[in-house]
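A.B. asks: Position 18, counted from 1, in the sequence shown is what my numbering calls 20; the numbers after and before it change by one each time, with no gaps.
Ideal placement from N, C-alpha and C gives every residue a C-beta, glycine not left out.
It should be emphasised that the depicted structure is a prediction, and the values quoted were computed from it without experimental measurement.
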Amino acid sequence: MNLKVHGLLPRDQITAIQGTEPERRRSIPLVRGRSSRASSMALALRRTASLSGWACRGRDPIPAAPFCTDADGFQNSRVKIFDRELKGKQRDRAAWLMRSNDGFLDSVAENLLDRLQDCRKAFPTALCLGGASEAVRRLLHGRGGIEKLIMMDMSFDMVKALKDSDRKDSDNTLETFYVVGDEEFLPIKENSLDLVVSCLGLHWANDLPGAMIQCRLALKPDCLFLAAILGGETLKELRIACTIAQMEREGGISPRMSPLAQVRDAGNLLTRAGFTLPSVDVDQYTIRYNSALELIEHLRAMGETNALLQRSNILKKETALATAAVYESMFAAEDGTIPATFQVIYMTGWKEHSSQQKPKTRGSATISFKDIQNQFGSQSS
Numbered sequence: 003m004n005l006k007v008h009g010l011l012p013r014d015q016i017t018a019i020q021g022t023e024p025e026r027r028r029s030i031p032l033v034r035g036r037s038s039r040a041s042s043m044a045l046a047l048r049r050t051a052s053l054s055g056w057a058c059r060g061r062d063p064i065p066a067a068p069f070c071t072d073a074d075g076f077q078n079s080r081v082k083i084f085d086r087e088l089k090g091k092q093r094d095r096a097a098w099l100m101r102s103n104d105g106f107l108d109s110v111a112e113n114l115l116d117r118l119q120d121c122r123k124a125f126p127t128a129l130c131l132g133g134a135s136e137a138v139r140r141l142l143h144g145r146g147g148i149e150k151l152i153m154m155d156m157s158f159d160m161v162k163a164l165k166d167s168d169r170k171d172s173d174n175t176l177e178t179f180y181v182v183g184d185e186e187f188l189p190i191k192e193n194s195l196d197l198v199v200s201c202l203g204l205h206w207a208n209d210l211p212g213a214m215i216q217c218r219l220a221l222k223p224d225c226l227f228l229a230a231i232l233g234g235e236t237l238k239e240l241r242i243a244c245t246i247a248q249m250e251r252e253g254g255i256s257p258r259m260s261p262l263a264q265v266r267d268a269g270n271l272l273t274r275a276g277f278t279l280p281s282v283d284v285d286q287y288t289i290r291y292n293s294a295l296e297l298i299e300h301l302r303a304m305g306e307t308n309a310l311l312q313r314s315n316i317l318k319k320e321t322a323l324a325t326a327a328v329y330e331s332m333f334a335a336e337d338g339t340i341p342a343t344f345q346v347i348y349m350t351g352w353k354e355h356s357s358q359q360k361p362k363t364r365g366s367a368t369i370s371f372k373d374i375q376n377q378f379g380s381q382s383s
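Written out as structure tokens, the structure is:
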């Protein structure tokens, strides 16, 4: 069965891409035996439903697989923290609520793209992965020598919004492709990209190291990975207010805020993903809002609301009002505005190449620090 691509992505950069409607996927049985014939039949059923389900939509972009299977066709087992289906719906909503200019997203995208100016190397083919892709595309301004840009998001509505906004852009010199795809199952051929940029998107991945490994595999040797994710200090004021309000009104707490990576984890993530010359730095933004409701509206417009699998689906009105009251009483400024902290962790890594600098092997030194100390000590005397 052939899968046709309607001019969205070069065929040499497309690997196995599948998409299955959730209601169709639930109706297909999962074979748990070890029979190769049974496994083949199950895979055939899944692929048929996948392609027919997407064909019924009549949409052009090609979706990435919402599930991953091993060689026998069984789903891989891994810890799932976030509800990716819900996050896709939140991204759909964000596409319609997206602001033409968001000061916070623009600032993060600008700081991320500034790192391209520190590189002498050009990056002709780049992938922009989820998050604030619109801000990255708008603020690129020829940096990095990018000639071909692939815009990818897990939300069809977001991809459509990106395509519509790019049509209004006066800069038509940049060749742009649009793909519906999941960061957790990257539908990009290995060794085909010069640059991968992710601006505030990867922190929603259930398997962040795995997603970063896939980004590394998609890169050519000696090519660059740039990412910005929200750190653990993000929305610390809202976390405190929500916890106090729940304890007062409900006598306990339920998860309302998503867990985020700490700064100390970022370097380990780059190393674990196999990147060389890793670099991590942090920015902290404080944005002031007129009320807690305005903060929530901004989070919805960015697609950054709660997507935990083990979340409580019911938020009592009195708890919500208590959260807003606690927030204002504890953190409000004299002018009545409330602050919200956003911690942004920037990560830079390169795919390994023989020309890159490497640390000397242990024991290869020809002089000891003691000899240096004795030499300089004798000179000073």
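State the start and end residues of the unbroken beta strand (DSSP E) segment that holds T127.
C.D. replies: Element bounds for T127: 127 to 133.
A.B. asks: For L141, which residues in the same chain have their Cβ closer than 7 Å to its Cβ, ignoring the five residues on either side in sequence?
C.D. replies: Here the set comprises D108, A111, E112, L115.
A.B. asks: Grouping DSSP H, G and I as helix and E and B as strand, with all else coil, what is E250?
C.D. replies: It is helical.
A.B. asks: What residues in its chain sit with their C-beta under 8 Å from that of S293, if we drop five residues either side in the sequence?
C.D. replies: Within the same chain, S293 has close Cβ partners A326, E330, I340.
A.B. asks: I'd like to check one pair, L151 with T175: are the Cβ atoms closer than 8 Å?
C.D. replies: It is not a contact, given that the beta carbons lie outside the stated cut-off.
A.B. asks: Would you decide whether P189 is buried or exposed? Buried here means 16 or more other CB atoms lie within 10 Å of its CB.
C.D. replies: Classification for P189: buried.
A.B. asks: Using C-beta distances below 6 Å, list every residue in its chain close to T288, excluding the 5 sequence neighbours before and after it, in chain order.
C.D. replies: For T288, where only same-chain residues beyond five positions count, the Cβ hits under 6 Å are P341, T343.
A.B. asks: Thinking C-beta only, is E235 closer than 8 Å to Q286?
C.D. replies: In this structure, E235 lies closer than 8 Å to Q286 by Cβ.
A.B. asks: Report the three-state DSSP secondary structure of P257 (helix, strand or coil).
C.D. replies: In the structure shown, P257 sits in coil (DSSP, three-state: anything other than H, G, I, E or B).
A.B. asks: Taking the C-alpha atoms as reference points, what is the distance between T1 and R169?
C.D. replies: Residue 1 falls outside the range modelled here, since the chain spans only 3 to 383, and no answer is possible.
A.B. asks: Between which two residues does the beta strand (DSSP E) containing G351 stretch?
C.D. replies: 340 to 352 is the span of the beta strand (DSSP E), which, as asked, contains G351.
A.B. asks: Whole angstroms is fine: what's the gap from S356's alpha carbon to L279's?
C.D. replies: When rounded, the distance between both Cα atoms is 13 Å.
A.B. asks: So, with DSSP's three-state summary, where would you put L164?
C.D. replies: Three-state DSSP puts L164 in a helix.
A.B. asks: In the DSSP assignment, the beta strand (DSSP E) including T288 goes from what residue to what residue?
C.D. replies: Where T288 is concerned, the enclosing beta strand (DSSP E) stretches over 278 to 291.
A.B. asks: Is it true that the CB of G203 sits closer than 8 Å to the CB of G1?
C.D. replies: It is not possible to answer for residue 1, since the shown part of the chain is limited to 3 through 383.
A.B. asks: How long is the line joining the alpha carbons of P211 and K91, rounded to whole angstroms?
C.D. replies: For P211 and K91, the distance between alpha carbons rounds to 24 Å.
A.B. asks: Should W98 go down as buried or exposed, given a rule of 16 or more other Cβ atoms within 10 Å for buried?
C.D. replies: Flag for W98 reads exposed.
A.B. asks: Would you mind giving the Cβ-Cβ distance between L197 and Y180, rounded to the nearest angstrom? I have them listed as a contact below 8 Å.
C.D. replies: With 8 Å as the limit, L197 and Y180 do not qualify as a contact, their Cβ atoms being about 17 Å apart.
A.B. asks: Could you tell me which of I83, R93, G253 sits nearest to G305, measuring between CA atoms?
C.D. replies: Measuring from the Cα of G305, the nearest candidate turns out to be R93.
A.B. asks: Let me know the secondary structure DSSP gives K123 once reduced to three states.
C.D. replies: Three-state DSSP puts K123 in coil, outside helix and strand.
A.B. asks: With DSSP run on the structure shown, which of helix, strand or coil describes S200?
C.D. replies: Three-state DSSP puts S200 in a strand.
A.B. asks: Quick check on the burial criterion: 16 or more other C-beta atoms within 10 angstroms. Buried or exposed for M349?
C.D. replies: Buried, by the Cβ-count rule.
A.B. asks: Note the first and the last residue of the continuous alpha helix (DSSP H) segment covering R211.
C.D. replies: Residue identity differs from the one stated: residue 211 is Pro in this sequence, not Arg. Where P211 is concerned, the enclosing alpha helix (DSSP H) stretches over 210 to 220.
A.B. asks: For I190, which of helix, strand or coil comes out of DSSP?
C.D. replies: Reduced to three states, the DSSP call for I190 is coil.
A.B. asks: Can you look up K318 in the DSSP assignment and give me helix, strand or coil?
C.D. replies: Correct three-state label for K318: coil.
A.B. asks: If contacts are defined as beta-carbon pairs under 8 Å, then A137 and D104 qualify, I think. What distance do you get, rounded to the angstrom?
C.D. replies: Yes, they are in contact, since the Cβ atoms of A137 and D104 sit about 7 Å apart, within 8 Å.
A.B. asks: Measure the Cβ-Cβ separation of P261 and K353 and say whether it is below 8 Å.
C.D. replies: Not a contact, by the Cβ cut-off of 8 Å.
A.B. asks: Buried or exposed: where does E250 fall if 16 or more other Cβ atoms within 10 Å of its Cβ makes it buried?
C.D. replies: It is exposed - the Cβ of E250 has fewer than 16 other Cβ atoms within 10 Å.
A.B. asks: Beta carbon of V282, beta carbon of A268: below 8 Å?
C.D. replies: A contact, by the Cβ cut-off of 8 Å.
A.B. asks: Just to check my reading of the structure: A230 and V328 have Cβ atoms closer than 8 Å, yes? What is that Cβ distance to the nearest angstrom?
C.D. replies: About 30 Å separates the two Cβ atoms, so there is no contact after all.
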